[in-house]
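Everything on this sheet refers to the single structure shown next.
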Amino acid sequence: MFFYYLRLARISILRHWGLSLLMVTAIGLGIGAAMTTVTVNYLMSADPIPNKSHKLHTIQLDNWDEHKPFKEGLEPPPFLTYRDAKNLIDARQAFRQTMHTAAKAVIEPLTEEDLPLYVTVRANTADFFTMFEVPFVYGAPWERATDNTHDLVVVLSEKINERLFAGKDSVGESIKINGELYKVVGVIADWQPKPRLYHVDKVKAFDDTEDIFVPFTSVTREKIIFDDNSYCWAPTSDSWQDYLDSECVWVHFWVELNSPEEKQGYQDFLDGYVEQQRLYGRFKRPDDNRVNTLQEWFKAREVVNKDNNMLMAMAFLFLGVCLLNTIGLLLAKFLGKAPEIGLRQALGASKRTLFYQYMVEAGCIGVAGGVLGLVFAYLGLQGIELLYGAKMQALVTLDGKLMVFAILLSVSATLLAGLYPTWRACNLAPANQLKSQ
Amino acid sequence: MIEFGLIIRALLRHKMAALILALQIALTLTVLVNAVFMIQDRQASMQRDSGVNEQDTFYLTSRVFAPDYDHLSEIPKDLDLLRHTPGITDAVYINSVPLSGYGGYLRLQLQPGKDQDTIIAGHYLSDDHVLNTLELELVAGENFQPEDVLVQDSNSARQPAKIIISQAMAAQLYPDNWQLALGAFVYVNETVPLRITGIVKTLQGAWHFWDQVEATAITPVISVSDSGIYLIRTEAGRRDELMPEVEALLAHSNKNRIIRSVTTLQDTRTESYREHNATNKILMLVIVTLVLVTAFGIVGLATFGINRRTRQIGTRRALGASKGQIMRYFMIENGLITLAGITLGCLGAVALNIYLVQTFAMTPVTPNLLLYGAISVFILGQLAVLYPARKAALISPATATRMV
């Protein structure tokens, strides 16, 4: 029966090809718009580390001015002061912990003919690599102990290793920054989590990962220049040491916690820590010590920016208009078939079979609309890449899951739109229709 | 207007079709008004003046890597070289570039001491050439003097004696009369006094999305850093020709640094507003397709309505109705449905707007926009129904007899 109805649908669609084309195009446009925005949002809020995202947490403490919150709405500062980060890392209360920040450097030529190379740097502690599951091609992360010795070591990205050592295993070799030699301990494979989970905000969430990684001490000891956001509220004086001791926040702090109990334990530890710091006249605001999950953090940092949410809302309203359009057109079409329906009913077709038949037709239109919608979504995503630039490149691919979703959305929306017109068509009184023939 | 009752009775008999069309029109109006509104909102912020001559200005980063580099003598040398290059009007060493997304800010207070109210200003640090290089318009006071300028390490917290602020900043300090700011003292780091010696008309800060973007301050400090910015203004029209020349000039004058990111202010503006621009283009596209979809929907529905009523139209024609009357019938019918849709759509538009205002912190939509939207949608409906209505009018009276 299904195939028979499919054939009837084909005949019906072809007979009223103009109307059918109109419906398919409208649904296609609606689905295309919805899918474009859904894809961008979906990929923006994708979980870059699904197997352990539930274990990774970032810490916020409210060390701000007692009279003025960091941000109205009582959001504590997004980063920690150096002294808090250092205290927490030394306390080793979590399974793993890392502090890190962004920096910049110039790798100087070791020979006359080479050219200096400007690189972006992440200054971090050893656990960073294991926590974020950074893949290594050569070598390994530096030892935890190195975080406290002042060894100058470096982990290179594959790209920089290619530039400097032609892609060879460079472990044991050295690079020169600010006149000092850094020993290469590892080379990581191309690692570009999107969003870049360890450092996300409105602007930087989809930036590439850094070129090289060095121990955090290279920043605190002014071997490498810190280049990250810093927010201060209390006055600071001249020296770098004063800055390190100040209430300025600039250090990202992350912990890995294996269970809810560990998380609760860490929360208690933080509360205790802040209580203890109050003895030094710090933390005068009410307790707001946060252990954020990845999802909470992405939300707080507005990784999916508001424009995209707004555009998604608009796209679904647009899809709504297209569906209403389809309902109207289907209604017109099915009611236009009244004589045919009357005839079939008089020949013994039950309401159920009629209903089935017309839903098959609506479904066909839905599938066609969905396929066209995918084409529009593809074009839409190309357009978004064009408009937003290379930064969005990772966010404009339709994967299999999304394609299936698009077709399902289209078919179910069209079937839903077809319900009322079909119901009306099946409930026409056959006698009336026959009379008019 | 005898048709009125007739139309309404006919509509009531097929109320579902009419209702669906009305709903579609309502939703169209809802989206339309809000999309236009959001476009205007973004357009307005994109059109704000940065206060700076953007056409003839570019900048570059001088990234020092040699460990024993003597900034304090090299920077004046660079500036001297730049300022004496033919085609260059003026140049400065500066900490940040308007709208570039990277910069600093300063907390100013009118009274010294702890716990005073502070106002945040985007902060530029440069020397006495800054007004000329950026081509800022001074509305009160005077420029810095060469002897005012402090040249120091970027970690230094030493403060100069003077400060120049933007008029918007002055208005925040003295809401009743911004001119009172001239000569007044403001305090940084709670206690350090700086005298406001100049007020410039407009100068935007580094972050276009910051609500304090118009509130800015300049202090006469060359804050030395390994990654310094030179901002250069050329004679009108010579920017593009001079950019590569200047890059080479600086690169060759000192080999202990890398000259990077040679960028025009125009490109910086484009990059800064890229997202706004993209969102606006997408919204435009939404509006255009929405209008098309709705218009074609109306055409389709009306055509089918007319096909269904061919006999009725023929009969009316046979009974003496003129072509004009038939056309008028369908135009009025569509008009009534559209009006119902518009009424509903206005409610929807306001509701969506309230939601958007609350969720995305925007300003509310103006009644004017709603009115224009309603008129446009009404005209759209009438235009869309024109063709089917004409077709209906062309149905010959004979049809009525033939079909019986």
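Protein sequence lines correspond, in order, to chains A and B. Numbering-wise, the first sequence is residues 1 to 437 according to UniProt numbering. Numbering-wise, the second sequence is residues 1 to 404 according to UniProt numbering. Glycine included, each C-beta is placed from N, C-alpha and C at the ideal position.
What's the C-alpha gap between Q116 of chain B and K168 of chain A? Cα-Cα distance, rounded: 59 Å.
In chain order, which alpha helix (DSSP H) runs of at least 4 residues are fully inside the region 178–258 of chain A? The qualifying runs are 217–220 and 240–245.
Could you tell me the boundaries of the beta strand (DSSP E) in which R63 of chain B lies? That run of the beta strand (DSSP E) goes T57 to V64.
When DSSP builds the beta bridges, which residues end up paired with N124 of chain A? In the DSSP output, where bridge partners are listed per residue, N124 of chain A has A:H100 and A:P215.
According to the Cβ coordinates, are V321 of chain A and V31 of chain B closer than 8 Å? In contact: V321 of chain A and V31 of chain B (Cβ atoms closer than 8 Å).
Compare the C-beta of K333 of chain A with all C-beta atoms of chain B and state if any pair is closer than 8 Å. At least one C-beta of chain B is nearer than 8 Å to the C-beta of K333 of chain A.
At a Cβ threshold of 8 Å, is S223 of chain B touching chain A? With its beta carbon at least 8 Å from every one in chain A, S223 of chain B lies outside the interface.
Listed in chain order, which residues of the region 103–127 of chain A have Cβ atoms closer than 9 Å to some Cβ of chain B? From the region 103–127 of chain A, only K104, A105, V106, I107, E108, L115, P116, L117 and Y118 have a Cβ closer than 9 Å to chain B.
Cβ neighbours of E302 of chain A in the same chain (closer than 8 Å, five flanking residues each side left out): Contacts found: D201 and K202.
With a CB to CB cut of under 8 Å and the five nearest residues on each side skipped, what residues in its chain are close to R13 of chain B? Around R13 of chain B: no qualifying Cβ.
From B:A389, B:I199 and B:S272, residue whose alpha carbon lies closest to that of G324 of chain B: Selected option, being the one with the closest Cα: B:A389.
Roughly how many angstroms lie between the CA atoms of A140 of chain B and K71 of chain A, to the nearest whole one? A direct Cα-Cα distance of roughly 34 Å separates A140 of chain B from K71 of chain A.
Within 10 angstroms of its Cβ, does G183 of chain B collect 16 or more other Cβ (buried), or is it exposed? With fewer than 16 Cβ atoms within 10 Å of its Cβ, G183 of chain B is classed as exposed.
If the cut-off is 7 Å on Cβ atoms, which residues from the region 312–324 of chain A count as contacting chain B, listed in chain order? Identification of residues in the region 312–324 of chain A having a C-beta nearer than 7 Å to some C-beta of chain B yields M314, L317, F318, G320, V321, C322 and L324, given in sequence order.
Rounded straight-line distance, which links the Cα of S246 of chain A to that of V154 of chain A: Rounded to the nearest whole angstrom, the CA to CA distance from V154 of chain A to S246 of chain A is 28 Å.
Separation of E54 of chain B from A278 of chain B, as counted between CA atoms: The C-alpha of A278 of chain B lies about 22 Å from the C-alpha of E54 of chain B.
Taking just the CA atoms, how far does L82 of chain B sit from V213 of chain B? Going by the C-alpha atoms only, they are around 29 Å apart.
Rounded to whole angstroms, what is the Cα-Cα separation between Q24 of chain B and G122 of chain B? Rounded to whole angstroms, Q24 of chain B and G122 of chain B show a C-alpha spacing of 47 Å.
On the CB-based measure, 16 or more other CB atoms within 10 Å of its CB, does Q437 of chain A come out buried or exposed? Confidence at Q437 of chain A is low in this model, with a pLDDT of 44, below 50, so its placement is unreliable and no value can be given for it.
By DSSP, does K77 of chain B sit in helix, in strand, or in coil? Of the three classes helix, strand and coil, the one that applies to K77 of chain B here is helix, per DSSP.
For the ligand MG, any of its heavy atoms closer than 7 Å to the Cβ of A413 of chain A? Among the components of this structure there are no ligands whatsoever, and the ligand MG is therefore not found.
Could you spell out where the beta strand (DSSP E) holding Y93 of chain B opens and where it closes? Segment I88 to I94, the beta strand (DSSP E) holding Y93 of chain B.
Considering only DSSP beta bridges, list what Y124 of chain B is partnered with. Residue pairing from DSSP places Y124 of chain B in a beta bridge opposite B:I218.
C-alpha distance - P260 of chain A paired with K55 of chain A, whole-angstrom precision: Their Cα atoms are separated by approximately 9 Å.
Per the contact definition of three or more C-beta pairs closer than 8 Å, is the region 304–323 of chain A in contact with the region 78–87 of chain A? With the cut-off at 8 Å, the region 78–87 of chain A and the region 304–323 of chain A do not touch.
Beta carbon of A315 of chain A, beta carbon of T25 of chain A: below 8 Å? Their beta carbons are not under 8 Å apart, which means A315 of chain A does not touch T25 of chain A by this criterion.
Among the candidates B:G348, B:A349, B:N143 and B:N307, whose CA atom is the shortest distance from the CA of F330 of chain B? The candidate whose alpha carbon is nearest that of F330 of chain B is B:N307.
Measure from the C-beta of D211 of chain B to each C-beta in chain A and report whether the shortest distance is under 8 Å. Not one chain A Cβ lies under 8 Å of D211 of chain B.
If you drop the 5 nearest sequence neighbours on each side, which residues of the same chain put their C-beta closer than 8 Å to that of N41 of chain A? For N41 of chain A, where only same-chain residues beyond five positions count, the Cβ hits under 8 Å are V304, N308, N309 and M312.
Can you give me the Cβ contacts of A126 of chain A inside the same chain, cut-off strictly under 6 Å, excluding the 5 residues immediately before and after it? Setting aside the 5 residues that flank it on each side, A126 of chain A is surrounded in the same chain by P141, W142, R144 and D147, each with a C-beta closer than 6 Å to its C-beta; the list follows chain order.
Name the residues in the region 141–166 of chain B whose C-beta lies less than 7 Å from a C-beta of chain A; which are they? Under the 7 Å Cβ criterion, the region 141–166 of chain B contributes N155, S156 and A157.
8 Å is my cut-off, CB to CB: does L347 of chain B come that close to chain A? By the rule that beta-carbons nearer than 8 Å mark a contact, L347 of chain B does not touch chain A.
Quick check on the DSSP output: the alpha helix (DSSP H) that includes L69 of chain B runs from which residue to which? According to the sequence as given, residue 69 of chain B is Tyr; it is not Leu. Run containing Y69 of chain B: none; DSSP gives neither H nor E here.
Using DSSP with H/G/I as helix, E/B as strand and the rest coil, what is K162 of chain B? Strand, per DSSP.
Within 8 Å, do at least three Cβ pairs link the region 149–159 of chain B to the region 196–209 of chain B? With the cut-off at 8 Å, the region 196–209 of chain B and the region 149–159 of chain B do not touch.
Can you check whether the C-beta of D56 of chain B is within less than 8 Å of a C-beta belonging to chain A? Interface annotation, D56 of chain B: not in contact with chain A, CB-CB separation never under 8 Å.
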